[in-house]
Amino acid sequence: MEQKNLDTIIRAAISSGVSSKDELGSLLRAHSAAHHTPLPTTAELRVAYIALIDSGDIQPNPTLNTILRKRDVRSQSGVAIITVLTKPYPCPGQCTYCPTEVRMPKSYIETEPAAQRALANQFDPYTQIISRLTTLHANGHPTDKIELIVKGGTWSAYRWDYQAWFIRRCFDACNDFQTERVSESHAILKDHESGTFQFVDLPDMRTHEKIADFTREEVTRLSTAQTTNESAAHRIIGMTLETRPDWIRPHTLWELRTLGCTRIELGLQHTDNEILELTKRGHTIEQTKEAMRLLRHAGFKVDVHTMPQQPGSTPEKDFQMYCELFADEALRPDMIKIYPCVVTQTAEIAAWFADGRYTPYPTKDLLEMLVRVKSELIPRYCRISRLIRDIPGDEIIAGNMVTNLRETIQRVMRERGLSCVCLRCREIGHAAQHDPSLFKKISEVQLFIEPYRAS
429 MEQKNLDTII RAAISSGVSS KDELGSLLRA HSAAHHTPLP TTAELRVAYI
479 ALIDSGDIQP NPTLNTILRK RDVRSQSGVA IITVLTKPYP CPGQCTYCPT
529 EVRMPKSYIE TEPAAQRALA NQFDPYTQII SRLTTLHANG HPTDKIELIV
579 KGGTWSAYRW DYQAWFIRRC FDACNDFQTE RVSESHAILK DHESGTFQFV
629 DLPDMRTHEK IADFTREEVT RLSTAQTTNE SAAHRIIGMT LETRPDWIRP
679 HTLWELRTLG CTRIELGLQH TDNEILELTK RGHTIEQTKE AMRLLRHAGF
729 KVDVHTMPQQ PGSTPEKDFQ MYCELFADEA LRPDMIKIYP CVVTQTAEIA
779 AWFADGRYTP YPTKDLLEML VRVKSELIPR YCRISRLIRD IPGDEIIAGN
829 MVTNLRETIQ RVMRERGLSC VCLRCREIGH AAQHDPSLFK KISEVQLFIE
879 PYRAS
């Protein structure tokens with residue numbers, strides 16, 4: 429559609445006070461009939477809307493911005509979530525279910541969305557964030573409050589100088605990004621400091637003295653970037669790093685705090701030591717409990733990874749895992765991710781599946797078990813932050829292939845009159861998708877405290 433027609437539609441939507449997607453649709457159909465033009469796409473309208481704001485022809489309109497927003501769930505919790513990946517690096521774990529691709533950090537597949545973005549940006553933290561901020565802004569999402577999630581192998585196993593450099597460049601990207609000139613944002617990348625792979629591998633960086641000097645300089649630069657970010661337009665208000673229980677030690681806590689970490693994703697995977705041993709996880713449930721004790725005492729939030737359908741497990745054992753997770757005071761995580769085990773081509777269990785040593789139990793049994801977990805076990809203080817990994821279906825040899833498993837479980841629960849009380853399911857932005865009347869009940873909201881013991 430011609431630009432002048434798009435501009436006319438945007439101006440008409442603002443002047444007429446369009447307040448919903450249905451009202452915008454009516455306006456579009458009326459314009460199309462009157463001018464004999466095709467209906468524009470939301471993406472076209474979004475681009476025209478941003479261009480008019482950038483040129484100063486119109487002022488930002490929050491209502492229209494929300495209507496034109498793409499994939500609203502991205503910022504429905506009040507923050508923009510940005511995920512970046514670290515460079516490929518040897519992982520201390522030998523887990524049998526982890527994909528092992530040469531061009532990826534351990535356990536990641538290059539066709540996963542976040543992994544694709546990281547590979548396209550050569551794992552450079554600065555360009556990953558600038559690119560993601562550009563996309564989020566173009567799709568209408570607010571980016572003033574950012575939840576930064578760093579993925580890729582075992583974070584604590586990376587060298588400290590790399591950790592400090594990586595996080596510093598994340599802060600630099602947020603400090604440099606300018607929403608009002610988003611069309612020019614990629615020009616920033618031409619001048620940015622590069623060297624994601626090289627800087628820790630250069631010949632003159634191989635002595636302990638030079639590494640120590642570089643690290644001290646990086647920590648100073650990091651502190652400066654953090655201070656700048658406190659008043660920046662795009663603030664990192666939360667930072668999540670991913671590691672293993674056996675890599676949480678007292679000195680690790682200081683390093684995590686120095687980086688600005690607020691939450692740890694901890695790979696528990698299972699509470700059954702026999703299953704952990706069978707899958708070569710490399711730690712015990714007792715080590716997980718000690719890691720959680722240290723993290724809790726240091727003030728970190730803990731997001732635990734759990735993996736049903738592993739070799740050696742059954743629906744009954746997996747249900748018992750979630751029972752223990754919330755009954756044991758040494759566990760009781762703030763958040764959980766539920767990643768059913770799947771067989772991928774580069775994982776060791778691919779051979780186990782091929783020769784019959786491992787067959788995942790049926791997906792219908794997985795679904796029924798998770799319906800029980802969500803409706804019977806999850807406490808109000810916990811949030812189910814993810815349910816299944818973003819592994820494309822064509823990468824999966826065996827295991828759960830229902831890519832919208834969370835939605836499927838929620839549909840089944842609604843049909844049975846069941847509900848989940850986890851934080852995510854009770855958030856107004858998510859809950860109102862199925863019950864819009866909730867927005868009219870804001871005055872009935874009550875603040876409550878639910879005390880519980882943990883660690």
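Numbering follows the working numbering, with no gaps: position 398 of the sequence shown is 826. A virtual CB, placed ideally from N, CA and C, is assigned to each residue, including glycine. It should be emphasised that the depicted structure is a prediction, and the values quoted were computed from it without experimental measurement.
Under the three-state reduction of DSSP output, I558 falls in the helix class.
Under the three-state reduction of DSSP output, V801 falls in the helix class. A contact is defined here as three or more CB-CB pairs under 8 angstroms, and the stretch 745-754 fails this definition with respect to the stretch 482-500. Taking the CA atoms as reference points, E670 sits about 10 angstroms from C689. Counted as a single uninterrupted DSSP element, the alpha helix (DSSP H) harbouring D746 occupies residues 743-755. Within its own chain, the residues whose Cβ lies closer than 8 angstroms to the Cβ of A653, once the five positions on either side in sequence are excluded, are R596, F599, D600, N603, listed in chain order.
Three or more Cβ pairs closer than 8 angstroms define a contact, and the stretch 482-490 meets that threshold against the stretch 434-448. In terms of Cβ geometry, L794 and V840 do not form a close pair [threshold 8 angstroms]. P807 has its alpha-carbon roughly 9 angstroms from the corresponding atom of C848. For the pair E823 and T772, the CB atoms are nearer than the 8 angstroms cut-off.
Per DSSP, reduced to three states, the secondary structure at R596 is helical.
Note on L753: 16 or more other CB atoms within 10 angstroms of its CB, so buried under the neighbour-count rule. In the DSSP assignment, V512 falls within the unbroken beta strand (DSSP E) covering 508-513. Approximately 25 angstroms separates the beta-carbon atoms of D762 and H662; this is outside 8 angstroms, ruling out the contact.
Taking 3 residues as the minimum length, the beta strand (DSSP E) runs contained wholly in the stretch 769-835 are 770-772, 811-815, 824-827, in order along the chain.
Taking a 10 Å sphere around the C-beta of Y554, we find 16 or more other C-beta atoms and assign the residue as buried.
Nearest neighbour of L576 by Cα position, chosen from L687, E776, V732, turns out to be L687. Here the C-alpha atom of V578 lies approximately 42 angstroms from the C-alpha atom of L455.
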